[in-house]
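Trainee: Pasting a structure below so you can have a look.
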Amino acid sequence: MSLYFVLVFAFAKATFGDDGEVTFVSELSSKAAQKLSKYGWYGNARLQRFHIPEETAVARWIFTVTKGHSFDCAERNVTIHVRQSAPPVVNPTGTAFPNVTLWRPPHSLILPVTSLSVATFNVSDPAPGDWFVAAHLPEDDGRIEQKGFPSCSYFFQPQLSVRRAIDTPVLQTGASLRQTARSDEPARLKLYVPQFASSLSVSVADCSSAEVAGSASCSLVLSLGSDSLLDGPVRVKCSGTLCSASVADPPWDTWLRVVVESSEDNRTVTFSIASNYTEGCKPKSEGLAADNVSGLHSNSSNTKGSAATEVESASACVGSVPVGCEEDDFLSLRCTPVNGPGVGVRRTRPALLTYPLPAQATGATLNLQLTLNTTNVTPGNSSSAVAACLSPRAPILRLGADVTCRTAFFEGYGVKVNSSFPKSALRLPFPASTMWYLTLQLTCDGSDCGSESAVWVEPELFVSACVDDCGAFGECRLLRSYNYLYGACACKAGWRGWACTDGSAAQSPARQLAATLLLTLSNAAFLPAVAVAVKRGYVAEACVYLFTMFFSTFYHACDQPGIAVLCIMSYDALQYCDFLGSVCSVWVTVLCMACLRNTVKYTLFVLGTLLIAMSLQLDRKGLWNLLAPILAAVVLLLAVWAYRGIRRRRCYFPPWQRWVFYLIPGGLCALVGVCLYVFAETEDNYLYTHSIWHILVATCVVFLLPPRERSLAAQGWRPDWNWMRRCVCRTTLCPSSKDELYTVT
Numbered sequence: 000m001s002l003y004f005v006l007v008f009a010f011a012k013a014t015f016g017d018d019g020e021v022t023f024v025s026e027l028s029s030k031a032a033q034k035l036s037k038y039g040w041y042g043n044a045r046l047q048r049f050h051i052p053e054e055t056a057v058a059r060w061i062f063t064v065t066k067g068h069s070f071d072c073a074e075r076n077v078t079i080h081v082r083q084s085a086p087p088v089v090n091p092t093g094t095a096f097p098n099v100t101l102w103r104p105p106h107s108l109i110l111p112v113t114s115l116s117v118a119t120f121n122v123s124d125p126a127p128g129d130w131f132v133a134a135h136l137p138e139d140d141g142r143i144e145q146k147g148f149p150s151c152s153y154f155f156q157p158q159l160s161v162r163r164a165i166d167t168p169v170l171q172t173g174a175s176l177r178q179t180a181r182s183d184e185p186a187r188l189k190l191y192v193p194q195f196a197s198s199l200s201v202s203v204a205d206c207s208s209a210e211v212a213g214s215a216s217c218s219l220v221l222s223l224g225s226d227s228l229l230d231g232p233v234r235v236k237c238s239g240t241l242c243s244a245s246v247a248d249p250p251w252d253t254w255l256r257v258v259v260e261s262s263e264d265n266r267t268v269t270f271s272i273a274s275n276y277t278e279g280c281k282p283k284s285e286g287l288a289a290d291n292v293s294g295l296h297s298n299s300s301n302t303k304g305s306a307a308t309e310v311e312s313a314s315a316c317v318g319s320v321p322v323g324c325e326e327d328d329f330l331s332l333r334c335t336p337v338n339g340p341g342v343g344v345r346r347t348r349p350a351l352l353t354y355p356l357p358a359q360a361t362g363a364t365l366n367l368q369l370t371l372n373t374t375n376v377t378p379g380n381s382s383s384a385v386a387a388c389l390s391p392r393a394p395i396l397r398l399g400a401d402v403t404c405r406t407a408f409f410e411g412y413g414v415k416v417n418s419s420f421p422k423s424a425l426r427l428p429f430p431a432s433t434m435w436y437l438t439l440q441l442t443c444d445g446s447d448c449g450s451e452s453a454v455w456v457e458p459e460l461f462v463s464a465c466v467d468d469c470g471a472f473g474e475c476r477l478l479r480s481y482n483y484l485y486g487a488c489a490c491k492a493g494w495r496g497w498a499c500t501d502g503s504a505a506q507s508p509a510r511q512l513a514a515t516l517l518l519t520l521s522n523a524a525f526l527p528a529v530a531v532a533v534k535r536g537y538v539a540e541a542c543v544y545l546f547t548m549f550f551s552t553f554y555h556a557c558d559q560p561g562i563a564v565l566c567i568m569s570y571d572a573l574q575y576c577d578f579l580g581s582v583c584s585v586w587v588t589v590l591c592m593a594c595l596r597n598t599v600k601y602t603l604f605v606l607g608t609l610l611i612a613m614s615l616q617l618d619r620k621g622l623w624n625l626l627a628p629i630l631a632a633v634v635l636l637l638a639v640w641a642y643r644g645i646r647r648r649r650c651y652f653p654p655w656q657r658w659v660f661y662l663i664p665g666g667l668c669a670l671v672g673v674c675l676y677v678f679a680e681t682e683d684n685y686l687y688t689h690s691i692w693h694i695l696v697a698t699c700v701v702f703l704l705p706p707r708e709r710s711l712a713a714q715g716w717r718p719d720w721n722w723m724r725r726c727v728c729r730t731t732l733c734p735s736s737k738d739e740l741y742t743v744t
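First residue of the sequence shown: 0, per numbering that gives the first Met the number 0; consecutive thereafter.
Structure below.
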């Protein structure tokens, strides 16, 4: 949980007077340190969310990266991405994005790290709202690191301190304020931009300088708006007696920041500042009929109702189409026109649809689909098309060949549909949480659109956790950073990219099949171990080996990506049983080598299995889940050998023949297998190294199992295969019941 402190560090005159002096406070927020990972997919990036309040003058991030161990690790470059209003969309691996997916690279920093590195990042006049910071190590090299084994680790901790004003003067429309700007203290104001404002202007006049008597020059820099890194404020340098800054299509229903700075050092400038806005076109609502509310849940088009509304509002400059949105699930939202899926689009005036995007949708993907109803469109008339512009915070109220899809401060996204291409779509990963506007207008190459006075378009906007649900070679996963939820694609079978659509390194079907066969059939090496255990009288141990072979086979059959997959039960259950069987196989084998009494041995069997099951439930992939039972069993084995040597007053060791032909080969197989498992496995060679691991583990069991216990051999113990005969004796194969009860073998 972030720490949040408020420190009042500088007070001026806490008034709203015309002298322009404001009160500043400082706020600090800090996040807990997180371990960085090599980048393979978006889940490897450590995402943190910060909030910058209104009227913040300066935001300063402090990024600290520390090394977790004292190893002599090479220098690593930590990449830090910063974005306002939504998580950063990153592509450090250079993979291809899916079609019609639009994204803009975030602001990125590279921080070289050896043991401890600290970097600062300042943003003047930042945009208020949520800011996101993501950090990761360079691209994953494919090496599989076992959890719990010491390795080079790096921890990332971000901190944010902001300096904000709490009594910023308000610049009223049509009113003038007298302000003062110094070289080290600019004048800060704010003004409110209402809805339907088509343009905004701020002017500076009556400039004078106290340092230069009689000077009437405005040596100022006038800035409108805030800095979001991707889109900065509008800046105008003033050098004469008058200065003004104008913007078209300003953001609606929001406070806009105005900053006036002195462009000359040691110069104090006094000036008058005023603002004005123009309401060029006020949209007229299409209306929401009471009998059309059900259109939210209907797929049928209410053509007559929409057409009637179209005629009634034909005189308006912009038609506002009511939109209804409903949430389906986590990170899932769908918005459609209320009066029916079809929207009438004319050349004389555009249609405007408004989509309020909630904050939780910023961790998902925004999808827009446009479908042109070609019923009333002249076939082959490619000169007429419907242009669409999806823009945040402010709409584009007029579209055409000479109009770009961009507002005053933000870049929009444009699409087109015509009779040749009646369907079009676009996707925006991690969209900003704000009001989005969709403008539709019929455009023509010439002065006449032919017979088409109005066409019908079906717009559909929906939010999904991932792009196309990550396709056939990916899995859409919901990730969480504290209380923030976002979606990302985890790819398989060598596919990469934001939606697992980059097949440049994809595995062929033959390789996928070979991987499945190698990893499953290599478990057949446990069959000799099972046979040797039964022959030597270790029936309980043979059951453990058989359990391991069975679940390891079907776990790897279910674990494989692509086409060769077979799951007989849930993946989690198969994985747990595979890990449990593998560790228990090692545990019972080493205990058998100690040649304990049956009571002690089987007590340790059960007790060790219960402890292993508990540790696997706590941390399934921890390396000590395998090493701890091995070390405990080896220590117990050496303790038993030492005890017997002391009791017999001579060294108790197996004869040299057993060392040469059994113990040393078995120990080497176990050692090589553990080294392969811990140090040599990578994503590319996993099917080979892990298959060899299966074979080596099963082989070392054959070598390390001791001979049959003497007590059983002295009693003439043999594997009892007569259970089969006793089972069939209940049938007509047995002449009488006496044969079943008193058969002597």
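Cβ coordinates follow ideal geometry from the N, Cα and C atoms, glycine included.
For Y354, which residues in the same chain have their Cβ closer than 8 Å to its Cβ, ignoring the five residues on either side in sequence?
Mentor: If we look at Y354 and ignore the five residues flanking it on each side, its Cβ neighbours are V322, C324, C334, M434, W435, Y436, L437 and L460.
Trainee: Reducing DSSP to helix, strand and coil, say where G715 ends up.
Mentor: In this predicted model, G715 has a pLDDT of only 45, less than 50, meaning its place in the structure is not dependable; the value taken from the coordinates is given anyway. The answer is coil: DSSP assigns G715 none of H, G, I, E or B.
Trainee: Within the chosen definition, does the stretch 330 to 349 reach the stretch 404 to 424 through at least 3 CB pairs nearer than 8 Å?
Mentor: Output reads no: the stretch 404 to 424 does not touch the stretch 330 to 349.
Trainee: Using the Cα positions of A489 and T94, report the straight-line distance between them to the nearest angstrom.
Mentor: Approximately 14 Å, taken between the alpha carbons.
Trainee: Could you have a look at C674 and say whether DSSP puts it in helix, strand or coil?
Mentor: In this structure, C674 counts as helix in the three-state DSSP scheme.
Trainee: Less than 8 Å between the beta carbons of H689 and A524, yes or no?
Mentor: No.
Trainee: Using the rule of at least 16 other Cβ atoms within 10 Å of the residue's Cβ for burial, across every protein chain shown, is Q656 buried or exposed?
Mentor: Exposed, because fewer than 16 other Cβ atoms sit within 10 Å of the Cβ of Q656.
Trainee: At which residues does the alpha helix (DSSP H) containing L369 begin and terminate?
Mentor: No alpha helix (DSSP H) holds L369; the beta strand (DSSP E) holding it covers T364 to N372.
Trainee: Shortest alpha-carbon distance to L365 belongs to which of Y485, W40 and A58?
Mentor: Checked all of Y485, W40 and A58; the closest Cα to L365 is Y485.
Trainee: Measuring CA to CA, which of C475, L704 and L35 is closest to A532?
Mentor: A532 has its Cα closest to that of L704, out of C475, L704 and L35.
Trainee: If I measure Cβ to Cβ from P127 and keep anything under 8 Å in the same chain, skipping five residues before and after, which residues do I get?
Mentor: Same-chain partners within the cutoff: I51, P52, E53, E54, T55 and S225.
Trainee: Consult DSSP for N684 and reduce its assignment to one of helix, strand or coil.
Mentor: Three-state DSSP puts N684 in coil, outside helix and strand.
Trainee: Would you kindly work out how many angstroms separate the C-alpha atoms of I61 and E184, rounded to a whole number?
Mentor: When rounded, the distance between both Cα atoms is 24 Å.
Trainee: When the distance is taken between beta carbons, is A204 closer than 8 Å to F131?
Mentor: No, Cβ-Cβ distance for F131 and A204 is not below 8 Å.
Trainee: Once you ignore the five residues that flank A186 on each side, which residues in its own chain have a CB closer than 6 Å to its CB?
Mentor: Hits under 6 Å: G19, Q178, A180 and V259.
Trainee: Leaving out the 5 sequence neighbours to the left and right, which residues in its chain are closer than 6 Å to D618 when beta-carbon positions are compared?
Mentor: The answer is none, since no qualifying residue turns up.
Trainee: Examine the Cβ distances between the stretch 131 to 145 and the stretch 34 to 45 and report whether three or more of them are shorter than 8 Å.
Mentor: Contact between the stretch 131 to 145 and the stretch 34 to 45 is present, because at least three Cβ pairs lie under 8 Å.
Trainee: Figure out for me which residue from V89, T442 and R142 has the closest Cα to the Cα of A679.
Mentor: Comparing Cα positions, the closest option is R142.
Trainee: Between A492 and P560, which are expected to be in contact by the criterion C-beta below 8 Å, what is the C-beta distance as a whole number of angstroms?
Mentor: Contact flag correct, Cβ pair sits at about 4 Å.
Trainee: Kindly list the residues whose CB is nearer than 6 Å to the CB of G473, restricted to its own chain and excluding five residues on each side of it in sequence; keep chain order.
Mentor: Result list for G473: C488, C490 and C499, in chain order.
Trainee: Pull up the distance between the alpha-carbon of A386 and that of K415, whole angstroms please.
Mentor: When rounded, the distance between both Cα atoms is 5 Å.
Trainee: Per DSSP, V454 forms a beta bridge with which residues?
Mentor: V344, per the DSSP bridge assignment.
Trainee: Going along the chain, which unbroken runs of the beta strand (DSSP E) with 3 or more residues stay wholly within the stretch 392 to 440?
Mentor: Here the runs fully enclosed are 412 to 417 and 422 to 428.
Trainee: Please list, in chain order, all residues of the same chain as V466 whose beta carbon is under 6 Å from its beta carbon, the five residues on each side excluded.
Mentor: Only P97, T364, R426 and A498 meet the Cβ criterion.
Trainee: Using the Cβ count rule (16 or more neighbours within 10 Å means buried), how would you classify A556?
Mentor: With 16 or more Cβ atoms within 10 Å of its Cβ, A556 is classed as buried.
Trainee: Do T588 and T552 have their CB atoms nearer than 8 Å?
Mentor: No, they are not a contact pair.
Trainee: At a cut of 8 Å, does the stretch 584 to 603 reach the stretch 533 to 546 through at least three beta carbon pairs?
Mentor: In short, these stretches touch, since the Cβ pair count reaches three.
Trainee: Rounded to the nearest angstrom, how far is the Cβ of T267 from that of A209, given a contact under 8 Å?
Mentor: Between A209 and T267 the Cβ distance is about 5 Å, and since that is below 8 Å, they are a contact.
Trainee: Report yes or no: do three or more beta-carbon pairs, one from the stretch 239 to 259 and one from the stretch 193 to 200, lie closer than 8 Å?
Mentor: A contact exists between the stretch 239 to 259 and the stretch 193 to 200.
Trainee: Taking C-beta to C-beta, are F155 and V64 nearer than 8 Å?
Mentor: Closer than 8 Å, so yes.
Trainee: Are the stretch 99 to 114 and the stretch 81 to 90 touching by the rule of at least three beta carbon pairs closer than 8 Å?
Mentor: Yes: the two stretches touch, three or more of their Cβ pairs being nearer than 8 Å.
Trainee: Note down, in chain order, each residue of its chain lying with its Cβ closer than 8 Å to the Cβ of C566, except the 5 sequence neighbours on either side.
Mentor: Around C566: F553, A556, C557 and L573.
Trainee: Check each candidate in P458, A505 and G279 and name the one with the smallest Cα separation from V342.
Mentor: Nearest of P458, A505 and G279 to V342, Cα basis: P458.
Trainee: According to DSSP, is G67 part of a helix, a strand, or is it coil?
Mentor: Three-state result, G67: coil.
Trainee: Could you compute how far the alpha carbon of D124 sits from the alpha carbon of V161?
Mentor: Computed Cα separation, rounded: 10 Å.
Trainee: Taking just the CA atoms, how far does L229 sit from D747?
Mentor: Look at the range of the chain in this structure, 0 to 744, and you will see that residue 747 is not part of it.
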